[in-house]
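Engineer: To start, I am sharing the structure in question, which I have written as structure tokens.
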Amino acid sequence: MPDRIALRNRISELEISKMFKERLLDSSNNVIAYLEPLFNKEGQIEDFVIKYVNNRIEEITSLKTKDMIGVRWLEYDPQNLENGVFDYAKNCFTTGETFDYTSKYLFGDQVVWFSARLVKLEAGVVNFLKDISKEKQYERQLEIQNKLLLEAEHIASTGSFRWDLKNGTLSLSENVYRLLGFDRPFEMEPSIERILKFVHKSDIDWVKGVIEQSRNTKERIDITFKIITKEQEIKYINTVGEYYPSDNNWYVVGVFKDVTKQIEHASILQAKNAQLKKSNADLEAFNRIASHDLQEPLRKIQMFISRLYGEEKERLGPRSKNYLEKVISSSERMRNLISNLLSYSRIEEIEDTPTKIDLNLVLSDVLEDLGERISETQASIKADKLPEINGVQFQMEQLFSNLLGNSLKYIKDNTVPVVQIIHSKTSVDAINRISNLPDGQYHKLEFIDNGIGFDDQYGERIFEIFQRLHGKNEYSGTGLGLAICKKIVEAHNGAILGTSKNNEGAVFTVYLPSLSK
106 MPDRIALRNR
116 ISELEISKMF
126 KERLLDSSNN
136 VIAYLEPLFN
146 KEGQIEDFVI
156 KYVNNRIEEI
166 TSLKTKDMIG
176 VRWLEYDPQN
186 LENGVFDYAK
196 NCFTTGETFD
206 YTSKYLFGDQ
216 VVWFSARLVK
226 LEAGVVNFLK
236 DISKEKQYER
246 QLEIQNKLLL
256 EAEHIASTGS
266 FRWDLKNGTL
276 SLSENVYRLL
286 GFDRPFEMEP
296 SIERILKFVH
306 KSDIDWVKGV
316 IEQSRNTKER
326 IDITFKIITK
336 EQEIKYINTV
346 GEYYPSDNNW
356 YVVGVFKDVT
366 KQIEHASILQ
376 AKNAQLKKSN
386 ADLEAFNRIA
396 SHDLQEPLRK
406 IQMFISRLYG
416 EEKERLGPRS
426 KNYLEKVISS
436 SERMRNLISN
446 LLSYSRIEEI
456 EDTPTKIDLN
466 LVLSDVLEDL
476 GERISETQAS
486 IKADKLPEIN
496 GVQFQMEQLF
506 SNLLGNSLKY
516 IKDNTVPVVQ
526 IIHSKTSVDA
536 INRISNLPDG
546 QYHKLEFIDN
556 GIGFDDQYGE
566 RIFEIFQRLH
576 GKNEYSGTGL
586 GLAICKKIVE
596 AHNGAILGTS
606 KNNEGAVFTV
616 YLPSLSK
């Protein structure tokens with residue numbers, strides 16, 4: 106009887122020990138499997154039998170432990186042969202050596218990465234497997250991000266650096282080496298001293314001084330200097346660095362950027378600006394000539410022709426009289442042309458400060474100046490109440506005078522001229538874009554007449570300098586009136602458009618910025 110009780114107690118102890126081990130193994134975060142080898146006739150290991158797998162495998166994959174116990178390892182999962190794990194297990198059992206490895210498994214659509222260890226234990230091997238799928242995913246994402254960053258640096262001709270001031274170590278991104286002329290990254294052991302050897306001799310003392318001063322003050326570095334690359338190519342490099350404290354130390358983190366093209370473009374632009382200044386100086390000289398040296402002899406020509414015509418008119422024959430009248434007409438055209446050309450060239454030179462202008466008063470003054478022409482043609486001019494704007498008074502008067510003057514010039518035969526000025530407000534935005542005007546509120550002024558009009562295909566051409574759609578013998582003019590209008594409107598940050606059809610009148614629409622937002 107005592108032996109039977111002792112045996113029962115021993116069996117109970119074994120069951121408790123087995124239950125304790127299984128629960129302990131199942132509580133592990135790792136997959137734990139015990140494999141025993143199967144030998145062929147030659148005594149070589151041809152497979153392993155799965156003797157035990159804890160429940161952790163079911164939490165990670167869709168596999169079931171009950172389907173695995175007692176099954177041949179390679180028959181159950183041939184991936185162990187393909188990825189080389191079977192060979193690790195054989196070597197582990199044969200040599201007793203522990204093997205660490207990382208391997209990828211595919212379970213259906215699920216990819217699982219394991220960091221594993223094989224350890225020999227008595228008649229088999231124990232396989233410890235840790236699921237590192239998330240780490241691998243993050244590692245892949247980081248790899249992609251680093252690749253994108255390197256590509257972005259290459260495209261932008263930039264590179265990054267990190268300088269440890271305490272230890273003096275310098276870390277450079279791959280593209281910094283390319284900027285310095287190296288074929289491959291990390292060809293050179295990086296240090297501040299080696300980087301400074303690439304700085305051009307004309308800039309080296311200044312660059313060293315800036316670095317030394319910034320180390321003392323910890324102020325941001327932002328400098329541009331010349332370097333000579335490994336291939337003896339001269340480049341301009343902009344360097345920006347920020348100081349960051351960490352654990353009783355300072356780090357400088359920043360970027361190198363190749364700005365050679367920008368510097369070259371700026372140099373070209375500077376040269377072109379110098380040429381433009383010279384051209385403007387030549388234009389100013391021309392204006393002085395046109396305003397005095399050309400107009401003075403022209404005034405004398407007109408004066409003497411006028412006297413000659415007055416004194417000899419009755420004694421001249423029809424042909425001579427016609428010739429003299431043409432000279433008078435041509436000299437008057439030349440005077441108007443010079444006057445209009447000067448007006449056109451001087452619009453942007455006006456230094457008058459824009460003031461608040463009542464366009465109703467502008468219109469009143471212009472109608473008074475055009476009174477004689479209005480009476481001759483019996484024209485009817487009607488206008489809405491016009492707004493106040495910021496502008497230059499006499500330029501607005503010239504704008505109204507030119508537009509109304511055109512309507513009173515290009516009239517149809519046997520037709521009384523009718524001109525309407527219609528005012529409204531409009532908003533300009535990305536949807537309702539007008540010419541090149543920026544977004545905002547604008548006054549819209551429409552000058553509508555019933556004259557001869559023009560072909561709408563010439564709506565832009567008519568605003569070009571010296572452009573005429575009609576012969577000089579049909580209608581007087583210099584071809585500058587609408588060009589002056591356009592320049593005045595654009596000088597007031599506005600726009601002007603022209604639309605028409607032959608013999609159906611014309612509409613000139615002026616947009617001027619509103620005082621109210």
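For the sequence shown, my numbering assigns the number 106 to the initial residue and increments by one for each residue that follows. In this text, a Cβ means the ideal position worked out from N, Cα and C, and glycines have one as well.
Is the Cβ-Cβ distance between ASP561 and LYS606 less than 8 Å?
Structural biologist: The sequence position of residue 561 within the sequence shown is 456, counting from 1. The sequence position of residue 606 within the sequence shown is 501, counting from 1. Yes, these two residues count as a Cβ contact at 8 Å.
Engineer: Between PHE330 and HIS305, which are expected to be in contact by the criterion C-beta below 8 Å, what is the C-beta distance as a whole number of angstroms?
Structural biologist: If you number the sequence shown from 1, residue 330 lands on position 225. If you number the sequence shown from 1, residue 305 lands on position 200. Contact flag correct, Cβ pair sits at about 7 Å.
Engineer: Check each candidate in HIS597, SER506 and LEU168 and name the one with the smallest Cα separation from LEU542.
Structural biologist: Taking the first residue of the sequence shown as 1, we reach residue 542 at position 437. It is HIS597.
Engineer: Over the uninterrupted alpha helix (DSSP H) stretch that includes SER480, give me the two end residues.
Structural biologist: Mapped onto the sequence shown, residue 480 falls at position 375. Its alpha helix (DSSP H) spans residues 476-482.
Engineer: Could you give the uninterrupted runs of the beta strand (DSSP E) lying entirely in the segment 202-230, keeping only those of 3 residues or more?
Structural biologist: Fully enclosed beta strand (DSSP E) runs of 3 or longer: 204-212 and 215-226.
Engineer: Starting from VAL364 and walking both ways along the beta strand (DSSP E), at which residues does that stretch end?
Structural biologist: Locating residue 364 in the sequence shown gives position 259, counting from the first residue. Taken as a continuous stretch (DSSP letters only), VAL364 belongs to no beta strand (DSSP E), as it is neither H nor E.
Engineer: Where does GLN525 fall in DSSP's three states?
Structural biologist: In the sequence shown, the residue the question calls residue 525 occupies position 420. Looking at GLN525 - three-state DSSP - the assignment turns out to be strand.
Engineer: For LEU284, count the other beta carbons within 10 Å of its own beta carbon; 16 or more makes it buried, fewer makes it exposed. Which is it?
Structural biologist: In the sequence shown, residue 284 corresponds to position 179, counting from 1. Buried, by the Cβ-count rule.
Engineer: Any contact between the segment 342-351 and the segment 312-332? By contact I mean 3 or more CB pairs, one from each, below 8 Å.
Structural biologist: They touch, by the three-pair rule.
Engineer: Cα separation between GLN483 and THR460?
Structural biologist: For the purposes of this step, residue 483 is taken as residue 378 along the sequence shown, with counting starting at 1. For the purposes of this step, residue 460 is taken as residue 355 along the sequence shown, with counting starting at 1. Their Cα atoms are separated by approximately 34 Å.
Engineer: Starting from the N-terminal side, write out each stretch of the beta strand (DSSP E) that is 3 residues or longer and does not extend beyond the segment 272-315.
Structural biologist: Those beta strand (DSSP E) runs which fall completely within the segment 272-315 and span 3+ residues are 275-277.
Engineer: Cα-Cα, which of ASP310, VAL357, GLU147 and VAL224 is closest to ASN321?
Structural biologist: As a position in the sequence shown, residue 321 is number 216, starting the count at 1. It is VAL357 whose Cα lies nearest to the Cα of ASN321.
Engineer: Buried or exposed: which applies to GLU120, given that a residue is buried once 16 or more other Cβ atoms fall within 10 Å of its Cβ?
Structural biologist: Indexing the sequence shown from 1 puts residue 120 at position 15. Any reading at GLU120 is ruled out, since the residue's pLDDT is 47, under 50, leaving its predicted position unreliable.
Engineer: Go ahead and pull the three-state DSSP assignment for GLU347.
Structural biologist: Taking the sequence shown and counting its residues from 1, one reaches residue 347 at position 242. Three-state result, GLU347: strand.
Engineer: Would you tell me roughly how many angstroms separate the C-alpha atoms of LYS267 and LEU275, rounded to the nearest one?
Structural biologist: Within the sequence shown, the letter at position 162 stands for residue 267. Within the sequence shown, the letter at position 170 stands for residue 275. One point to set straight first is that residue 267 is Arg, not Lys, in the sequence displayed. About 6 Å.
Engineer: For the ligand NAP, any of its heavy atoms closer than 7 Å to the Cβ of ILE155?
Structural biologist: Here there are no bound small molecules, and the ligand NAP is not part of this structure.
Engineer: Identify every residue that forms a DSSP beta bridge with TYR243.
Structural biologist: Here residue 243 refers to the residue found at position 138 of the sequence shown. None; TYR243 has no bridge partner.
Engineer: Beta carbon of ILE137, beta carbon of ASN159: below 8 Å?
Structural biologist: Start at 1 with the first residue of the sequence shown, and residue 137 comes out as number 32. Start at 1 with the first residue of the sequence shown, and residue 159 comes out as number 54. The answer is yes: Cβ separation under 8 Å.
Engineer: Is it right to say TRP178 is buried, meaning 16 or more other beta carbons lie within 10 angstroms of its own, or is it exposed?
Structural biologist: Here residue 178 is taken as the residue at index 73 of the sequence shown, counted from 1. Looking at its Cβ environment, which holds 16 or more other Cβ atoms inside 10 Å, TRP178 is buried.
Engineer: Can you give me the C-alpha to C-alpha distance between SER238 and GLY359, rounded to a whole angstrom?
Structural biologist: Position 133 of the sequence shown, counted from the start, is the residue given in the question as residue 238. Position 254 of the sequence shown, counted from the start, is the residue given in the question as residue 359. Approximately 34 Å, taken between the alpha carbons.
Engineer: Is the CB-CB distance between ASP470 and GLU502 below 8 Å?
Structural biologist: The count along the sequence shown starts at 1 and reaches residue 470 at position 365. The count along the sequence shown starts at 1 and reaches residue 502 at position 397. Yes, these two residues count as a Cβ contact at 8 Å.
Engineer: Buried or exposed for ALA522, please, with buried defined as at least 16 other CB atoms from any protein chain shown within 10 angstroms of its CB.
Structural biologist: Translated into the one-based positions of the sequence shown, residue 522 becomes position 417. Note on identity: in this sequence residue 522 is Pro, with Ala being the wrong assignment. Classification for PRO522: buried.
Engineer: Can you round the beta-carbon distance between ILE165 and TYR181 to whole angstroms, since I take them to be within the 8 Å contact cut?
Structural biologist: Numbered from 1 along the sequence shown, position 60 holds the residue referred to as residue 165. Numbered from 1 along the sequence shown, position 76 holds the residue referred to as residue 181. Incorrect: roughly 16 Å between the Cβ atoms, too far for contact.
Engineer: Run through DSSP, which three-state label would ILE601 get?
Structural biologist: The count along the sequence shown starts at 1 and reaches residue 601 at position 496. Note: ILE601 maps to strand in three-state DSSP.
Engineer: Using a Cβ-Cβ distance cut-off of 8 Å, determine whether SER167 contacts chain D.
Structural biologist: Here chain D cannot be found, since the structure has a single protein chain.
Engineer: Excluding the 5 residues flanking LEU223 on each side, which residues of the same chain have their C-beta closer than 6 Å to its C-beta?
Structural biologist: By 1-based counting over the sequence shown, the position of residue 223 is 118. If we look at LEU223 and ignore the five residues flanking it on each side, its Cβ neighbours are TYR193, ALA194, CYS197, PHE204, VAL230 and ASN232.
Engineer: For ILE326, which residues does DSSP report across the bridge?
Structural biologist: On the sequence shown, position 221 is the one that residue 326 refers to. DSSP, once it has assigned bridges, lists GLY346 as partnering ILE326.
Engineer: Work out the CA separation of ALA488 and ILE433 for me, nearest whole Å.
Structural biologist: Here the question's residue 433 lines up with position 328 in the sequence shown. Here the question's residue 488 lines up with position 383 in the sequence shown. Roughly 37 Å between the two C-alpha positions.
Engineer: Go to GLN546, then tell me how far its beta strand (DSSP E) extends in each direction, as first and last residue.
Structural biologist: The residue labelled residue 546 in the question sits at position 441 within the sequence shown. Unbroken beta strand (DSSP E) run through GLN546: 545-554.
Engineer: From THR334 to VAL281, what does the alpha carbon distance come to, in whole angstroms?
Structural biologist: The residue given as residue 334 occupies position 229 in the sequence shown. The residue given as residue 281 occupies position 176 in the sequence shown. Cα-Cα distance, rounded: 11 Å.
Engineer: Spatial neighbours of LEU472 within its chain, please: C-beta separation below 6 Å, excluding the five flanking residues on both sides.
Structural biologist: By one-based count along the sequence shown, residue 472 stands at place 367. Around LEU472: no qualifying Cβ.
Engineer: So, for ASN185: in the same chain, excluding its five sequence neighbours on each side, which residues have a beta-carbon less than 8 Å away from its beta-carbon?
Structural biologist: If you number the sequence shown from 1, residue 185 lands on position 80. Around ASN185: TRP178, LEU179, PHE191 and ALA194.
Engineer: Taking the straight line between their C-alpha atoms, what separation do you get for GLU437 and GLN407?
Structural biologist: As a working mapping, residue 437 is identified with position 332 in the sequence shown. As a working mapping, residue 407 is identified with position 302 in the sequence shown. Roughly 8 Å separates the two Cα atoms.
Engineer: Could you round the C-beta distance between ASN507 and GLY422 to whole angstroms and report it? I think they count as a contact, below 8 Å.
Structural biologist: The residue you call residue 507 lines up with position 402 of the sequence shown. The residue you call residue 422 lines up with position 317 of the sequence shown. Not confirmed; about 39 Å, so no contact.
Engineer: Alpha carbon to alpha carbon, what distance is there between GLU202 and GLN149?
Structural biologist: Counting from one through the sequence shown, the residue named residue 149 turns up at place 44. Counting from one through the sequence shown, the residue named residue 202 turns up at place 97. Their Cα atoms are separated by approximately 18 Å.
Engineer: Please report the residue range of the alpha helix (DSSP H) in which VAL594 lies.
Structural biologist: Numbered from its first residue, the sequence shown carries residue 594 at position 489. It spans 586-596 - the alpha helix (DSSP H) in which VAL594 sits, taken as one unbroken run.
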